[in-house]
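Take a look at the structure below.
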Amino acid sequence: MTIVSVDLADRPYDIRVEAGLLDRIPDFVSPFVRNGRLLIVTDTNVEELLWPDVQACLAHANIDTALYVLPAGESGKSWTELERLTDWLLENHVERSDHIVALGGGVVGDITGFAAHIVKRGCSFVQIPTTLLAQVDSSVGGKTAINSRSGKNLVGAFHQPSLVLIDPDVLQSLPRRQLASGFAEVVKYGLIDDADFFDWCDTHLEAFFDGDAEAREYAIVHSVKSKARIVAADETELTGTRALLNLGHTFGHALEADTGFSDRLFHGEAVATGMVLAFRYSARLELCATQDADRVAKVLHRAGLPVTLSDAGVTAKGARLVEHMLHDKKMAGGKLPFLLARGIGKTFLNKDVDLADIAAFLDNQD
């Protein structure tokens, strides 16, 4: 087992990564059982694919469970579902000393963490991410949220988990498209400040998607180590260091908004396109070489990810996409910071981007 510590001053926690970990889940969650029972939140996909075995494993250890099932997909991160989930927690007599278990992908982790933050003024929770995207990104760092009509993740809070349990074996059940969506976030860690890891992603891409267990575990462990390091340095984005993790997200969230936060465009797919756009815009400003932007696009395309607006199914004009960006939670003083790049592994935060120029740039992208 690999144990990665998130070294926050007042509430450090561990990320445990091991193939087959779910088969031993009682070993890790037993300390969080109250009156012989765990409160667990999942979604319809995980309920079908993983829950029967997880439940049987817990029952064998004499751990009863109460299960709440969210609809799969971004629709699960809504005000309506948050109300239903918090009502369910209260009906099940949740206490502030409880640890609510989030068993699922990013949607499950985000809404469960937010519900844990607000119910009875704060409960604890445990993340057991079951998608690659959640394993390498959303389960680590304490960002919790729901979506609103104005945009993605605009209502939320920083609420760190008590423990993160990652089993790479669960990736075997993921469709290729879901796996690729998570791989975009893996590549991101190379692009922001680790060119050698980007090279590794390029070299080991086929092995990763062919199911090589060693490659998959290495990608997960390296990614969570990178995120843990950045989160420990800047938990709530006060210094700007953590903002590096948003590479591709300002463009990407606008693409998600334009496609209705639906399965038409997965989050990781939007981020992939957004990262290519960030590099292409950086090349337009002569901050990085066009060859760097082309290489980023090539690697992500090989992974099966969209790398152009047309690939992403987006036909909106640049002005419309910029309208979506105006709802971005990073807006400050009428300015929207963008993550740009001086090269692969050399991402930086630019607070002086002209949104009219962004619109014109997007009008010239296919």
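Each residue of the sequence shown is one higher than the last, beginning at 1 in my numbering.
Note that CB positions come from ideal geometry on N, CA and C, so glycine has one too.
Owing to the predicted nature of the structure, the values given are computational and were not obtained by experimental measurement.
Quick check on DSSP: helix, strand or coil for residue i?
{"i": "H159", "result": "coil"}
{"i": "P129", "result": "strand"}
{"i": "G333", "result": "coil"}
{"i": "N92", "result": "coil"}
{"i": "N153", "result": "strand"}
{"i": "V140", "result": "coil"}
{"i": "V380", "result": "Any answer about residue 380 is impossible in this case: the structure gives the chain only from 1 up to 366."}
{"i": "I220", "result": "helix"}
{"i": "H327", "result": "coil"}
{"i": "S148", "result": "strand"}
{"i": "V322", "result": "helix"}
{"i": "V307", "result": "coil"}
{"i": "T241", "result": "coil"}
{"i": "S226", "result": "helix"}
Could you compute how far the alpha carbon of residue i sits from the alpha carbon of residue j?
{"i": "K152", "j": "I146", "result": "7 Å"}
{"i": "H267", "j": "A61", "result": "36 Å"}
{"i": "V6", "j": "G36", "result": "29 Å"}
{"i": "K225", "j": "V4", "result": "6 Å"}
{"i": "P71", "j": "T44", "result": "6 Å"}
{"i": "T308", "j": "T86", "result": "39 Å"}
{"i": "D263", "j": "L174", "result": "15 Å"}
{"i": "A368", "j": "E217", "result": "Shown here, the chain extends from 1 to 366; a query on residue 368 therefore has no answer."}
{"i": "A359", "j": "V271", "result": "18 Å"}
{"i": "D363", "j": "A195", "result": "30 Å"}
{"i": "F361", "j": "E185", "result": "24 Å"}
{"i": "W200", "j": "V231", "result": "23 Å"}
{"i": "L82", "j": "D98", "result": "18 Å"}
{"i": "Q160", "j": "I25", "result": "20 Å"}
{"i": "L238", "j": "G122", "result": "23 Å"}
{"i": "A289", "j": "V41", "result": "46 Å"}
{"i": "I100", "j": "D27", "result": "16 Å"}
{"i": "L39", "j": "I128", "result": "13 Å"}
{"i": "L165", "j": "D137", "result": "13 Å"}
Give me the Cβ distance between residue i and residue j, rounded to the nearest whole Å; I'm assuming they're in contact under 8 Å.
{"i": "L133", "j": "S78", "result": "About 19 Å; that fails the 8 Å criterion."}
{"i": "H204", "j": "A215", "result": "5 Å"}
{"i": "M325", "j": "T250", "result": "6 Å"}
{"i": "V314", "j": "T259", "result": "7 Å"}
{"i": "A278", "j": "G248", "result": "6 Å"}
{"i": "A303", "j": "F197", "result": "In fact, because the Cβ distance is near 15 Å, the residues do not count as touching under 8 Å."}
{"i": "V140", "j": "A102", "result": "No, V140 and A102 are not in contact; Cβ-Cβ is about 12 Å, not under 8 Å."}
{"i": "K227", "j": "L245", "result": "7 Å"}
{"i": "T80", "j": "D110", "result": "With 8 Å as the limit, T80 and D110 do not qualify as a contact, their Cβ atoms being about 15 Å apart."}
{"i": "L89", "j": "A115", "result": "6 Å"}
{"i": "T130", "j": "V170", "result": "5 Å"}
I'd like the span of the alpha helix (DSSP H) that includes residue i, first residue to last.
{"i": "H253", "result": "249 to 258"}
{"i": "F114", "result": "106 to 118"}
{"i": "F261", "result": "Per DSSP, F261 belongs to no alpha helix (DSSP H) and is neither H nor E."}
{"i": "T273", "result": "267 to 284"}
{"i": "I358", "result": "355 to 363"}
{"i": "T315", "result": "Counting along the chain, T315 falls outside any alpha helix (DSSP H), and DSSP gives it neither H nor E."}
{"i": "L300", "result": "290 to 302"}
Can you tell me where the beta strand (DSSP E) holding residue i begins and where it ends?
{"i": "A341", "result": "338 to 341"}
{"i": "L349", "result": "347 to 350"}
Along the chain, which unbroken stretches of the alpha helix (DSSP H) at least 4 residues long are found entirely within the region 176 to 215? 176 to 193, 195 to 209
Please give me, in chain order, every unbroken run of the alpha helix (DSSP H) with length at least 4 that falls completely inside the region 7 to 76. 25 to 29, 44 to 49, 51 to 60
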